[in-house]
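Notes to accompany the following structure.
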Amino acid sequence: MSYLIDYHIHSKNSSDGSSSISEICRSAVKSGISEIAITDHFEPSIGNENCPFYDQKRYWADMIKAKHAFRGKLNIKLGVELGQPHLFPEATKAVMEDFPYDYVIGSAHKLPEGMDVSELDYASADAEAVCGMYLKQIEALIRWNDFDCIGHLDLIKRYSMKSYNRYITLACRYELLKEVLKLAIENGKGIEINTSGLRQEARETLPGLDVLKLYREIGGEILTIGSDAHNASDVGKGALEAVELARAAGFNYITTFNQRRPEWIRITGEKNTCGSGWQEKVM
Ligand SMILES: [Zn+2]
Ligand SMILES: [Zn+2]
0 MSYLIDYHIH SKNSSDGSSS ISEICRSAVK SGISEIAITD HFEPSIGNEN CPFYDQKRYW
60 ADMIKAKHAF RGKLNIKLGV ELGQPHLFPE ATKAVMEDFP YDYVIGSAHK LPEGMDVSEL
120 DYASADAEAV CGMYLKQIEA LIRWNDFDCI GHLDLIKRYS MKSYNRYITL ACRYELLKEV
180 LKLAIENGKG IEINTSGLRQ EARETLPGLD VLKLYREIGG EILTIGSDAH NASDVGKGAL
240 EAVELARAAG FNYITTFNQR RPEWIRITGE KNTCGSGWQE KVM
């Protein structure tokens, strides 16, 4: 049995999630997933700085119940997906303080002027300019620093394909991308393989193999896998494909987190040694 993880899941505690935490856990077990992090959105925006929908007390109560109910069947980690925390540092700090998250995703969904990345006009956009602008946001996110992995690194691909059937890759700004990834590595930040793209118009993970390879080549070692499920039926989708992709990009391990500290699961090596294949966990 392989040790599969899903480290990017939204429950009803996100405004765009539709399943309860217990439904998500049941689905994970059914799909053969061993460990999950439920990472609801804390998504401040202009005019919605404190994001009142995000109810940490309700999340905590649901998670504690689930941890008891699924003990021995599923490892459940406390997570959050912070939207543009570099633009809303005070509100984000307040929500992070005194809460024992295991894992924190940092994402850039919005631009400083308030526009959502999904709302850009990708039809007439200059691909290099859009990628440059987006990478500058990722750079600011990394400099803000209080998170573990960057969410869906090439998010613009999701929306350029969805709205305009146009493939835009961050690799068109290769040198800037490399600089930003180097900064991420220096600051101890990981990336994720977000498998939602496999279910969407892009038909590939966010990011894809080109960016994963580059991150690995320049020394990146922290890599999680997440479905970005917004309902229980998508939990764990693409997890196995993501492991294959990680191997193809040159990774020997994928990463899990415990109280914000990375731990490692080997994904390469002789499958028959020790009888357990690549499920070995290395601290
Ligand atoms: Zn996101
Ligand atoms: Zn998400």
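Quick note on numbering: numbering that gives the first Met the number 0 labels position 196 of the sequence shown as 195, and the sequence is numbered without any gaps. No residue lacks a Cβ here, since even glycine has one placed at the ideal position from N, Cα and C.
Inclusion of Glu80 in the 7 Å shell around ligand 1 follows from its C-beta lying nearer than that to a non-hydrogen atom of the ligand. The beta-carbon separation of Ile224 and Ala201, rounded to 17 Å, does not stay under the 8 Å limit for a contact. Counted as a single uninterrupted DSSP element, the stretch harbouring Val79 is not any alpha helix (DSSP H) but the beta strand (DSSP E) occupying residues 74-82.
For Asp115, the CB stays at least 7 Å from every heavy atom of ligand 2. Closest in C-alpha terms to His40, from the list Asp115, Asp5, Glu127, Val79, comes Val79. One residue list follows from the rule of a beta carbon closer than 5 Å to any heavy atom of ligand 1, given in chain order as Ser106, Gly150. Assigned with DSSP and collapsed to three states, Pro88 falls in helix.
When beta bridges are read from the DSSP output, Ile35 appears opposite Asp5, Ile75. Under the three-pair Cβ rule at 8 Å, the region 98-108 counts as touching the region 238-258. Within the chosen limit of 7 Å, ligand 2 does not reach the beta carbon of His85 with any heavy atom. The residues Cys171, Arg172, in chain order, have a CB closer than 8 Å to that of Glu127 in the same chain once the five nearest residues on each side in sequence are set aside. Taking 7 Å as the cut-off, the C-beta of Asp227 counts as close to a heavy atom of ligand 2. In the DSSP assignment, Ser26 falls within the alpha helix (DSSP H) that extends over 20-29. Trp59 and Ser195 have their C-alpha atoms spaced approximately 26 Å apart. In this structure, Leu152 sits near Pro206, with a CB-CB distance shorter than 8 Å. For Leu213, the enclosing alpha helix (DSSP H) covers residues 208-216. For Val116, the three-state secondary structure derived from DSSP is helix. Spatial neighbours of Phe52 in its own chain (CB-CB distance under 6 Å, excluding positions within 5 residues in sequence) are listed in chain order as Ser14. For the pair Ile192 and Leu211, the CB atoms are nearer than the 8 Å cut-off. Beta-bridge analysis with DSSP links Arg265 to Tyr252. Rounded to the nearest whole angstrom, the CA to CA distance from Ser1 to Ala93 is 38 Å.
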